[in-house]
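Chemist: Take a look at the following structure, please.
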Amino acid sequence: MGEAVDLLSPVMGGKRLAQRMVRMLVRHGLLERCKPLTYRAVDLQEYLDREAAEYIASRLRRQGREATLEGRILRVEGACNDELKRLAENLGYTVYCSSSPSSS
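Going left to right, the sequence shown walks through residues 4 to 107 as this note's numbering numbers them.
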């Protein structure tokens with residue numbers, strides 16, 4: 004955490020708080036650990052796309068559908084509507100449904 008903590012500590016008000024902030028950013032996926040003391044910021048658009056796709060999959064699971072993310076592919080058991088496909092494709096994901104789309 005060395006350099007990241009040194010950069011953040013004047014702004015955060017201390018090294019302990021800066022260390023906690025770096026750990027939190029890593030845990031949430033906004034920073035990636037390259038080496039033990041080296042971090043890289045994740046592209047914000049990539050992060051938001053991934054989080055949005057995870058959210059869509061979790062909403063489908065709450066509705067009782069089986070939904071899994073495999074890389075940039077969203078697999079859904081059951082029918083998919085056109086709106087779901089359009090939304091996921093706008094995020095750069097390909098949607099595969101196990102049955103034909105339902106009419107809305």
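Note that the Cβ used here is the ideal one computed from N, Cα and C, for glycine as well.
Quick check on DSSP: helix, strand or coil for ALA91?
Modeler: Numbered from its first residue, the sequence shown carries residue 91 at position 88. Of the three classes helix, strand and coil, the one that applies to ALA91 here is helix, per DSSP.
Chemist: Nearest by alpha-carbon distance to GLY32: which of ASN84, LEU40, ARG78, LEU47 is it?
Modeler: As a working mapping, residue 32 is identified with position 29 in the sequence shown. Among ASN84, LEU40, ARG78, LEU47, the Cα nearest to that of GLY32 belongs to LEU47.
Chemist: So ALA60 is in the alpha helix (DSSP H); what residue range does that whole segment cover?
Modeler: As a position in the sequence shown, residue 60 is number 57, starting the count at 1. In the DSSP assignment, ALA60 falls within the unbroken alpha helix (DSSP H) covering 47 to 65.
Chemist: Taking Cβ to Cβ, would you say TYR96 is nearer than 9 Å to LEU63?
Modeler: Start at 1 with the first residue of the sequence shown, and residue 96 comes out as number 93. Start at 1 with the first residue of the sequence shown, and residue 63 comes out as number 60. No, they are not a contact pair.
Chemist: Pull up the DSSP beta-bridge partners for ARG19, would you.
Modeler: By 1-based counting over the sequence shown, the position of residue 19 is 16. Partner(s): none; ARG19 has no beta bridge.
Chemist: Would ALA44 be called buried (16 or more neighbouring beta carbons within 10 Å of its own) or exposed?
Modeler: On the sequence shown, residue 44 is found 41 positions in, with the first residue counted as 1. It counts as exposed.
Chemist: Got a sec: does the ligand NAD put a non-hydrogen atom nearer than 8 Å to the Cβ of ILE76?
Modeler: Looking for the ligand NAD in the displayed structure turns up nothing, as the structure carries no ligands at all.
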